[in-house]
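**Q**
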Amino acid sequence: MLRNQGPKTYCIKWVVIIVAASFSLSTARAARDIPLQILLATRIIRGGDIMAPDPAAANETPIHTARSDSVSQSMSVDVSRRKARFILFRAFSRWRNNETGQMVGKRVTKRTIAITHRLNEKLEEARRLFHDRMAAVSFTLINHEHDATMSNGTFFDLDGDDDEITPQSDLLLPNRNIFIVTTAALPWRTGTAVNPLLRAAYLARRAREINNNQTLVDEQMSQDEAVANSTGLVKVQLQRQMVTLVIPWLELEEDRLELYGPDTMFASIQDQEDYIRDWLRNEAKMADVADADTGLKIIFYPARYHSGLKSIFAMGDMVGDICAVLRNQTDGGILNNSVCILEEPEHLNWYRAPGEGWTKVFNYVVGIIHTNYVEYAGSQFHGLWTAPAIQVMSSAMIRAYCHKVIKLSGVLQSYAPEKESIENVHGVREDFIYEGRRRAQHFHKKKSVPLDEEAEGQVYYIGKILWAKGFENMLELEEFYRECTGKYFAVDVYGGGPDEDEIKRAFHGRRQRSKRTKTEETKSFSEDVQSYSREFIAKKLTLLKISSQEFEIPKTLYEWRKKPIPAKFLGPVDHASLGERYKVFVNPSVSEVLCTTTYEALAMGKFAIIPDHESNKFFNRFPNCLCYRDKWEFAANLRWALTHEPEPLTPELAKEFTWEAATDRLIRSSAITRREAKERAILGKAKLDERIAFFHREIGKGTKGDALRKFLGGGPVSNQVEYEMAKQGLDEERSENGGLTQKFRTSSFMQAIQSSLGV
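Take a look at the structure:
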């Protein structure tokens, strides 16, 4: 309190205290003359009353006067001293209490600040210690790159013009072997089976052209017999197959039966290879590539079908198996300058067995992303198949095993930004383009044609019958078109899938109806559902005790419709067989990366009515592509398409659909310029990518690796190490150190961690 006042007031306070003390001392001196009896009489309290002095006693003469005077004087001095001390103590106590009352908050605040400061110092010290340990690990790894390092063949040559293409990424160089590895094979007619097969076939043709041109140059330069002999050697060398397709072979008979059906359940690998070559010869019209000796080379890797994920995964060391087959069939130098194209690289590496990485074996690795697995994983809630987990894992696999990444559309996530490019590297078969040319020759532009809403065979859809393919959107569009025109538009649906029965009921409604509901008309779909659902549920509840197991809960309210939509479900067919039958293709899906059936419909010169979405951006360049942003635009586009003929394709536009043009786009997108290589070197991500591959390989070893794959949803493809050991006739690898191998435990990575922790 005194400190909060001014210096003048502070001094006055102390002066008052000193004066009070002096007054007390003078009073004590005057008290020496007061008789002891009177002093004691005035200070003695009995029961709270002060005893008055006795006048008679005051007049009496005291006994032993000298002694009494001395005692009285000494006691008076003691009382005065005690009083002075008491006054000083009270004054000091008041000041102390006031000072303490105002300073208590400041002291608590200072104490809190001090504690917080000490805690921050300890946290900062812990953070510095953590960074020092991480720096020690990194420093050790940088100086001991024995396990995690890139092979010398994968480093890009940075010398030269910045716009030049690096030799490692140039697919136009002669005598380069190209390997295309995919996750599916015919007769499974999926995109990852058909597109890689056609890509390999057209790349085989392109490689033959490149090498033949090089041969002509060599022949022109040869003047003598020695040069002619060397040219002959070149010709002999060019006879070998330059492009190899690597596809899965389902080892288990039940897998082939489930996926391929009883009609195409092959007894051996050779039977499936013959089937594929016959398809190339008869369906794709590529007899030169179908030749087993001079055309496309096909090798198989063991695999199994994961029915839960509807996907095929390799079994064993796939990279090692490929290398073993090639080394047995060649002199071993085929991989020195080779290029590997991984179709769905994330899929190929999720559950792979531990082994050498792709960038260790091949000189240049390109990854092509086909599927939006993050979109599909949004409805999964187990193991690896959750959207966040699959996003992180896919990014890690692509970073670790690819030098270049090609995304078919911008709808895909970002995996490795410095490696990515967006380009459609797919084409369509020649028979689709032939149909487009036929339409261009026989159909002329017409202003309009008579509108016949009841006519069937004009609108169709082809693809997998799944709710994820946009069928709920199609049902909403049907309802809106009915509100606009008074009638549904007829549609023919081709394909199959696990949701086929539910989608059929959503279009046609359920069969069990009362007579009233069969004939009564309603004004809207909501009234239809409301009126029918009461009767439907009431009837089901009466039969619940006897038929509850037969009742399937509807997945959508559209299954309770009363007025069916004129839709026909006609099963799976080859899209090329529908060339002349329809002119309008409708596909409301937005879960695709690049829809192959939309691509094929446009190539045949048909209208394609699709959403205005990032996955459909490539198709906007074609005049017959009618994109819609809302239901109004869909209804307008469909009505316009039903009353007009498609624009005939020009030769320039028709060329965009060919696999030759797709091959050109692939070569262009795969290339890395020296400028890009320098930018990558500045980023310094190469060692990070290799460490991811190294870590992925090491954690997949041993029994713990199999357990981890099973935990991540591997199912029938989890026991990769056990499978590999059984194939080699060895005991399963076991370790007392948590499943870690001796190589991993003695690697620079583990040594750096142990040294930084002081273990």
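Heads up: the sequence shown begins at 607 in my numbering, then just goes up one per residue. Backbone N, C-alpha and C define an ideal beta-carbon position, used for all residues, glycine too. Since this is a predicted model, take the numbers as computed values, not measurements.
Hey, how far is the Cα of E1108 from the Cα of G1069?
**A** Here residue 1108 corresponds to residue number 502 of the sequence shown, with the count starting at 1. Here residue 1069 corresponds to residue number 463 of the sequence shown, with the count starting at 1. Spanning the two alpha carbons is a distance of roughly 16 Å.
**Q** Quick check on the burial criterion: 16 or more other C-beta atoms within 10 angstroms. Buried or exposed for R795?
**A** On the sequence shown, position 189 is the one that residue 795 refers to. Counting Cβ neighbours within 10 Å, R795 comes out exposed, since fewer than 16 surround it.
**Q** Output needed for N1222: all residues of its chain with C-beta closer than 6 Å, excluding positions within five of it in sequence on either side, in chain order.
**A** If you number the sequence shown from 1, residue 1222 lands on position 616. Excluding sequence neighbours, N1222 sits near I1216.
**Q** Tell me the rounded alpha-carbon separation between M1210 and H1181.
**A** Locating residue 1210 in the sequence shown gives position 604, where the first residue counts as 1. Locating residue 1181 in the sequence shown gives position 575, where the first residue counts as 1. Going by C-alpha positions, M1210 is about 10 Å away from H1181.
**Q** How would you call N955, buried or exposed, if buried means at least 16 neighbouring beta carbons within 10 angstroms?
**A** Here residue 955 is taken as the residue at index 349 of the sequence shown, counted from 1. That one is buried.
**Q** Output the distance between the C-alpha atoms of F1300 and A1207, rounded to the nearest integer angstrom.
**A** As a working mapping, residue 1300 is identified with position 694 in the sequence shown. As a working mapping, residue 1207 is identified with position 601 in the sequence shown. Roughly 45 Å separates the two Cα atoms.
**Q** In three-state terms, what does DSSP make of C1090?
**A** Here residue 1090 is taken as the residue at index 484 of the sequence shown, counted from 1. Three-state result, C1090: helix.
**Q** Give me the DSSP bridge partner(s) of R910.
**A** Position 304 of the sequence shown holds residue 910. Its beta-bridge partners are F919.
**Q** So does the segment 885-892 actually touch the segment 912-927, counting three or more Cβ pairs closer than 8 Å?
**A** no
**Q** Candidates A959, A930, R782, I1071: which alpha carbon is nearest K1310's?
**A** The residue you call residue 1310 lines up with position 704 of the sequence shown. Minimum Cα distance to K1310 is reached at A959.
**Q** If Y1025 sits next to V1011, beta carbons under 8 Å apart, how far is it from one beta carbon to the other, in whole angstroms?
**A** Position 419 of the sequence shown holds residue 1025. Position 405 of the sequence shown holds residue 1011. It is Lys, not Tyr, that sits at residue 1025 in the sequence shown. With 8 Å as the limit, K1025 and V1011 qualify as a contact, their Cβ atoms being about 5 Å apart.
**Q** Roughly how many whole angstroms lie between the Cα atoms of G1042 and V1190?
**A** In the sequence shown, counting from the first residue as 1, residue 1042 sits at position 436. In the sequence shown, counting from the first residue as 1, residue 1190 sits at position 584. Linking G1042 to V1190 through their CA atoms gives a straight-line distance of about 14 Å.
**Q** Would you kindly check if the distance between the Cβ of V1031 and the Cβ of A1268 is under 8 Å?
**A** For the purposes of this step, residue 1268 is identified with residue 662 of the sequence shown, where counting begins at 1. For the purposes of this step, residue 1031 is identified with residue 425 of the sequence shown, where counting begins at 1. Cβ atoms of A1268 and V1031: closer than 8 Å.
**Q** Does the beta-carbon of S1020 have 16 or more other beta-carbons within 10 angstroms, so that it is buried, or is it exposed?
**A** The residue labelled residue 1020 in the question sits at position 414 within the sequence shown. Its Cβ having fewer than 16 others within 10 Å, S1020 is exposed.
**Q** Going along the chain, which unbroken runs of the beta strand (DSSP E) with 3 or more residues stay wholly within the segment 1163-1234?
**A** 1173-1175, 1190-1192, 1213-1217, 1231-1234
**Q** Tell me where the beta strand (DSSP E) around G973 begins and ends.
**A** Locating residue 973 in the sequence shown gives position 367, where the first residue counts as 1. G973: member of the beta strand (DSSP E) spanning 970-975, first to last residue.
**Q** Tell me whether R910 is buried or exposed, calling it buried when 16 or more other Cβ atoms sit within 10 Å of its Cβ.
**A** Translated into the one-based positions of the sequence shown, residue 910 becomes position 304. Counting Cβ neighbours within 10 Å, R910 comes out buried, since at least 16 surround it.
**Q** Name the residue from G867, L779, G1103, A1112 whose alpha carbon lies nearest to the alpha carbon of E1082.
**A** Your numbering for residue 1082 matches position 476 in the sequence shown. Among G867, L779, G1103, A1112, the Cα nearest to that of E1082 belongs to A1112.
**Q** Rounded to the nearest angstrom, how far is the Cβ of I1071 from that of D1105, given a contact under 8 Å?
**A** As a first step, residue 1071 is located in the sequence shown; it is residue number 465 there, counting from the start. As a first step, residue 1105 is located in the sequence shown; it is residue number 499 there, counting from the start. Correct: roughly 6 Å between the Cβ atoms.
**Q** Around the C-beta of H723, are 16 or more other C-beta atoms found within 10 angstroms, so that it is buried, or is it exposed?
**A** The count along the sequence shown starts at 1 and reaches residue 723 at position 117. It is exposed - the Cβ of H723 has fewer than 16 other Cβ atoms within 10 Å.
**Q** I'd like the span of the beta strand (DSSP E) that includes P854, first residue to last.
**A** For this step, residue 854 is matched to residue 248 along the sequence shown. First-last of the beta strand (DSSP E) with P854: 849-856.
**Q** Would you grab the beta carbon distance between V967 and H1009 for me? Rounded to a whole angstrom, and I think it's under 8 Å.
**A** Position 361 of the sequence shown, counting from 1, holds the residue named residue 967. Position 403 of the sequence shown, counting from 1, holds the residue named residue 1009. Incorrect: roughly 13 Å between the Cβ atoms, too far for contact.
**Q** Just confirm the distance between the C-beta atoms of G1076 and V1196, as a whole number of angstroms; I'd bet it's less than 8 Å.
**A** Residue 1076 sits at position 470 when you count from the first residue of the sequence shown. Residue 1196 sits at position 590 when you count from the first residue of the sequence shown. About 6 Å; that satisfies the 8 Å criterion.
**Q** With DSSP as the reference, label V1065 as helix, strand or coil.
**A** Counting from one through the sequence shown, the residue named residue 1065 turns up at place 459. Note: V1065 maps to strand in three-state DSSP.
**Q** From W1246 to L1255, what distance separates their C-alpha atoms?
**A** Translated into positions along the sequence shown, residue 1246 becomes position 640. Translated into positions along the sequence shown, residue 1255 becomes position 649. For W1246 and L1255, the distance between alpha carbons rounds to 19 Å.
**Q** In whole angstroms, what is the alpha-carbon distance linking A634 and F695?
**A** The residue given as residue 634 occupies position 28 in the sequence shown. The residue given as residue 695 occupies position 89 in the sequence shown. A caution first: A634 carries a pLDDT of 47, below 50, which makes its placement in the model unreliable, though a value can still be read off. Distance between the alpha carbons of A634 and F695: 18 Å.
**Q** Report the residue from D877, G1306, T1264 whose alpha carbon sits nearest the alpha carbon of N1325.
**A** Position 719 of the sequence shown, counted from the first residue, corresponds to residue 1325. Selected option, being the one with the closest Cα: G1306.
**Q** Between the Cα of M848 and the Cα atoms of S944, R691, A720, M892, which residue gives the shortest distance?
**A** Translated into the one-based positions of the sequence shown, residue 848 becomes position 242. It is S944.
**Q** Compare the C-alpha of G1063 against each of L1014, Y1188, G1092 and name the closest.
**A** Translated into the one-based positions of the sequence shown, residue 1063 becomes position 457. Minimum Cα distance to G1063 is reached at Y1188.
**Q** Mind checking whether G973 and D923 have CB atoms under 8 Å apart?
**A** Within the sequence shown, residue 973 is the residue found at index 367, counting from 1. Within the sequence shown, residue 923 is the residue found at index 317, counting from 1. No, the pair does not count as a contact, with Cβ atoms beyond the cut-off.
**Q** Mind checking Q774: buried by the 16 CB within 10 Å criterion, or exposed?
**A** To locate residue 774, count along the sequence shown from 1; it is residue 168. Flag for Q774 reads buried.
**Q** Does DSSP put L1248 in a helix, a strand or coil?
**A** Sequence index remark: in the sequence shown, residue 1248 carries index 642 (1-based). If DSSP states are grouped into helix, strand and coil, L1248 belongs with the helices.
**Q** Give the secondary structure of E751 by DSSP, where H, G and I count as helix, E and B as strand, and everything else as coil.
**A** Along the sequence shown, one-based indexing puts residue 751 at 145. Confidence at E751 is low in this model, with a pLDDT of 39, below 50, so its placement is unreliable and no value can be given for it.
**Q** With a threshold of 16 other CB atoms inside 10 Å of the CB of P1023, please say whether the residue is buried or exposed.
**A** In the sequence shown, residue 1023 corresponds to position 417, counting from 1. By the neighbour-count rule (16 or more Cβ atoms within 10 Å), P1023 is not buried but exposed.
**Q** Thinking C-beta only, is L803 closer than 8 Å to L863?
**A** By 1-based counting over the sequence shown, the position of residue 863 is 257. By 1-based counting over the sequence shown, the position of residue 803 is 197. Contact flag unset, no.
**Q** Based on DSSP bridge pairs, tell me the residues matched to K903.
**A** In the sequence shown, the residue the question calls residue 903 occupies position 297. Answer by DSSP bridge pairing, in chain order: T850.
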